[in-house]
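Visitor: Residue numbers (our numbering), protein chains in the order written: chain A, 2 to 203; chain B, 2 to 203.
Where a beta carbon is used, it is the ideal one built from N, C-alpha and C, also for glycine.
Note that the structure is predicted; figures quoted are calculated from it, not measured.
First the structure, which I've put down as structure tokens, then a few questions once you've had a look.
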């Protein structure tokens with residue numbers, strides 16, 4: 002699996018962080034230490050609060066879009082969720098990865114604070130930035146298994162698997178084993194029964 | 002606040018980790034990188050899953066123990082909780098800090114897995130190992146505020162504050178602002194009303 006990596010050895014050693022972290026002397030060596038600690042912090046934080054997910058969204062009326070030929074869109078997302086009081090930590094992720102955004106998920110029940118989510122959703126940002134980072138710096142909890150499945154689904158999409166029913170079934174079967182999900186027998190049944198000649202745009 | 006720190010500069014630079022992490026070449030520089038990434042991972046993981054807590058436990062019949070003169074024991078704990086599937090990540094913490102243990106918290110309702118908790122509870126281990134680590138490598142979420150309050154309570158205990166009602170009230174008032182706790186007006190009222198002459202052991 003050959004991917005472009007944002008974080009090769011030279012870049013790690015480069016003192017490119019403006020912030021000072023735990024030290025008043027911001028020499029190059031300190032900055033390198035700081036960068037490695039921050040890289041580690043991201044892996045630990047994602048082990049705690051992160052989620053890699055693959056979902057299928059029905060798009061029955063948009064067969065003319067290349068990606069939705071099967072009647073389904075594959076929605077891929079990397080997200081980290083946190084309460085409003087720790088919003089700043091999500092902006093650290095935006096700043097570090099330089100992709101993705103923070104969205105608010107307002108809660109009006111008796112929860113104490115709104116939720117915020119750092120999300121990366123575009124395939125390009127996931128494949129070029131997020132996946133190479135976690136390939137280089139693996140997670141240390143069972144989320145690593147989800148990450149590997151997520152990366153496998155993105156690889157399959159890179160070969161166009163999601164454009165055919167059989168390929169999409171493969172993706173759905175992998176996704177069904179992620180994040181304690183329920184089996185998606187209904188979607189797989191629909192995809193198995195799919196007859197392309199009902200699609201006027203093919 | 003002067004404390005013994007396990008992790009001075011020399012120790013960080015020392016290649017003392019047996020495991021290889023993301024590299025087959027385990028040179029000293031690699032080991033140093035690995036150690037910094039692991040330090041960062043711990044701060045991120047604790048930002049996600051960790052908890053510093055101070056609780057008061059009634060000990061009405063143990064006035065003869067030096068620490069329980071007020072009728073209360075201060076229970077101090079650093080804990081990281083995780084599902085059984087990520088148990089290994091908690092053992093990483095035991096190995097790294099060389100203090101604390103992992104306990105099981107069995108769940109028999111409809112949850113998918115038992116919970117496990119990495120806990121450090123003794124004052125010595127908290128003061129000599131856990132607190133100096135997080136002073137040197139700060140958390141990046143709102144848990145940092147809880148940590149600082151926790152360390153302040155432990156400092157107060159270091160001066161014997163918990164042995165008097167007025168000192169214990171100070172600790173309880175700080176603890177009441179940690180971890181979204183409810184105000185502990187009841188305990189504070191009991192402590193304010195406390196009359197030492199009801200205690201036969203004083």
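Alpha carbon to alpha carbon, what distance is there between residue 110/A and residue 65/A?
Guide: In the first chain, residue 65/A corresponds to position 64, counting from 1. In the first chain, residue 110/A corresponds to position 109, counting from 1. The straight-line gap from Cα to Cα measures roughly 41 Å.
Visitor: What are the residues in the stretch 47-64 of chain B lying within 7 Å of chain A by C-beta distance?
Guide: Listed in sequence order: 48, 49 and 50.
Visitor: Residue 53/A to residue 157/B, Cα distance in whole Å?
Guide: The residue given as residue 53/A occupies position 52 in the first chain. The residue given as residue 157/B occupies position 156 in the second chain. Distance between the alpha carbons of residue 53/A and residue 157/B: 43 Å.
Visitor: Where do the N-terminal and C-terminal ends of the beta strand (DSSP E) with residue 59/A fall, by residue?
Guide: Residue numbering aside, residue 59/A sits at position 58 when the first chain is read from its first letter. Taken as a continuous stretch (DSSP letters only), the beta strand (DSSP E) holding residue 59/A covers 51-59.
Visitor: What residue ranges within the stretch 78-123 of chain B form continuous alpha helix (DSSP H) runs of no fewer than 4 residues, ordered along the chain?
Guide: Segments of the alpha helix (DSSP H) lying fully in the stretch 78-123 of chain B: 88-98.
Visitor: Would you decide whether residue 176/A is buried or exposed? Buried here means 16 or more other CB atoms lie within 10 Å of its CB.
Guide: As a working note, residue 176/A is residue 175 in the first chain. Per the 10 Å Cβ criterion, buried.
Visitor: Just to check my reading of the structure: residue 72/A and residue 59/A have Cβ atoms closer than 8 Å, yes? What is that Cβ distance to the nearest angstrom?
Guide: As a first step, residue 72/A is located in the first chain; it is residue number 71 there, counting from the start. As a first step, residue 59/A is located in the first chain; it is residue number 58 there, counting from the start. Indeed they touch by this definition, with Cβ atoms about 7 Å apart.
Visitor: Check whether the Cβ of residue 87/B lies closer than 9 Å to any Cβ atom in chain A.
Guide: In the second chain, the residue the question calls residue 87/B occupies position 86. So yes, residue 87/B belongs to the interface.
Visitor: Indicate whether at least one CB of chain B lies closer than 9 Å to the CB of residue 141/A.
Guide: Residue mapping note: residue 141/A aligns to position 140 of the first chain, counting from 1. Yes - at least one Cβ of chain B is within 9 Å of the one on residue 141/A.
Visitor: Between the alpha carbons of residue 79/A and residue 150/A, how many angstroms are there, rounded?
Guide: Within the first chain, numbered from 1, the residue matching residue 79/A stands at position 78. Within the first chain, numbered from 1, the residue matching residue 150/A stands at position 149. About 13 Å.
Visitor: If the cut is a Cβ gap below 9 Å, which residues of chain B does residue 113/A touch?
Guide: Translated into the one-based positions of the first chain, residue 113/A becomes position 112. 181, listed in chain order.
Visitor: Return no unless some Cβ of chain A is closer than 9 Å to the Cβ of residue 84/B.
Guide: The residue labelled residue 84/B in the question sits at position 83 within the second chain. Judged by the 9 Å Cβ criterion, residue 84/B is in contact with chain A.
Visitor: Which word fits residue 89/B, buried or exposed, when buried means at least 16 other C-beta atoms lie within 10 angstroms of its C-beta?
Guide: On the second chain, position 88 is the one that residue 89/B refers to. By the 10 Å Cβ count, residue 89/B comes out exposed.
Visitor: I'd like to know whether the C-beta atoms of residue 116/B and residue 46/B end up nearer to each other than 9 Å.
Guide: Taking the first residue of the second chain as position 1, residue 116/B is located at position 115. Taking the first residue of the second chain as position 1, residue 46/B is located at position 45. Not a contact, by the Cβ cut-off of 9 Å.
Visitor: Is residue 75/A closer than 9 Å to residue 172/A when the C-beta atoms are compared?
Guide: On the first chain, residue 172/A is found 171 positions in, with the first residue counted as 1. On the first chain, residue 75/A is found 74 positions in, with the first residue counted as 1. Contact: yes.
Visitor: For residue 48/A, which option in 86/B, 35/B, 31/B and 63/B has the closest C-alpha, if you only look at C-alpha atoms?
Guide: One-based indexing of the first chain puts residue 48/A at position 47. Residue 48/A has its Cα closest to that of 86/B, out of 86/B, 35/B, 31/B and 63/B.
Visitor: Just checking my contact of residue 41/A with residue 144/A at CB under 8 Å: how many whole Å lie between their CB atoms?
Guide: Counting from one through the first chain, the residue named residue 41/A turns up at place 40. Counting from one through the first chain, the residue named residue 144/A turns up at place 143. Rounded, the Cβ-Cβ distance is 15 Å, inconsistent with contact.
Visitor: Is the shortest distance between the beta-carbon of residue 37/B and the beta-carbons of chain A less than 9 Å?
Guide: Against the second chain, residue 37/B aligns to sequence position 36. So, interface residue.
Visitor: Quickly, what does DSSP pair residue 74/A with across the bridge? List them, please.
Guide: Along the first chain, one-based indexing puts residue 74/A at 73. According to DSSP, which records beta bridges pairwise, residue 74/A is partnered with 58/A.
Visitor: Return the residue from the list 92/A, 113/A and 97/A that minimises the CA-CA distance to residue 103/A.
Guide: As a working mapping, residue 103/A is identified with position 102 in the first chain. The candidate whose alpha carbon is nearest that of residue 103/A is 92/A.
Visitor: Kindly list the residues whose CB is nearer than 6 Å to the CB of residue 131/B, restricted to its own chain and excluding five residues on each side of it in sequence; keep chain order.
Guide: Position 130 of the second chain, counted from the first residue, corresponds to residue 131/B. Excluding sequence neighbours, residue 131/B sits near 79 and 121.
Visitor: Could you spell out the range, first to last residue, of the alpha helix (DSSP H) harbouring residue 147/A?
Guide: Locating residue 147/A in the first chain gives position 146, counting from the first residue. Run containing residue 147/A: 144-159, per the alpha helix (DSSP H) assignment.
Visitor: When you compare each of 70/B, 119/B and 107/B to residue 99/B by their alpha carbons, which one comes out closest?
Guide: Indexing the second chain from 1 puts residue 99/B at position 98. The candidate whose alpha carbon is nearest that of residue 99/B is 119/B.
Visitor: Looking only at its own chain, which residues have a Cβ that is under 7 Å from the Cβ of residue 153/A, when we skip the five neighbours before and after it?
Guide: As a first step, residue 153/A must be located in the first chain, where it is residue number 152. Cβ neighbours of residue 153/A beyond the five flanking positions: 175.
Visitor: Should residue 119/A be flagged as near chain B, meaning a C-beta pair shorter than 9 Å?
Guide: Taking the first chain and counting its residues from 1, the one referred to as residue 119/A is at position 118. So, not an interface residue.
Visitor: So with CB distances below 9 Å, who are the chain B contacts of residue 44/A?
Guide: Here residue 44/A corresponds to residue number 43 of the first chain, with the count starting at 1. The contacting residues are 38, 41, 42, 45 and 46.
Visitor: Note the first and the last residue of the continuous alpha helix (DSSP H) segment covering residue 130/A.
Guide: Stepping through the first chain from its first residue, residue 130/A is reached at position 129. Careful: residue 130/A lies outside any alpha helix (DSSP H) and carries neither H nor E.
Visitor: Skipping 5 residues on each side, what residues in its chain have a beta carbon closer than 7 Å to that of residue 187/B?
Guide: Mapped onto the second chain, residue 187/B falls at position 186. Hits under 7 Å: none found.
Visitor: Going along chain B, which residues have a C-beta under 7 Å from residue 28/A?
Guide: Against the first chain, residue 28/A aligns to sequence position 27. Near residue 28/A there are no residues of chain B at all, since even the closest Cβ is about 12 Å away, more than 7 Å.
Visitor: Does residue 70/B get closer than 9 Å to chain A when you measure Cβ to Cβ?
Guide: Residue numbering aside, residue 70/B sits at position 69 when the second chain is read from its first letter. By this cut-off, residue 70/B is not an interface position.
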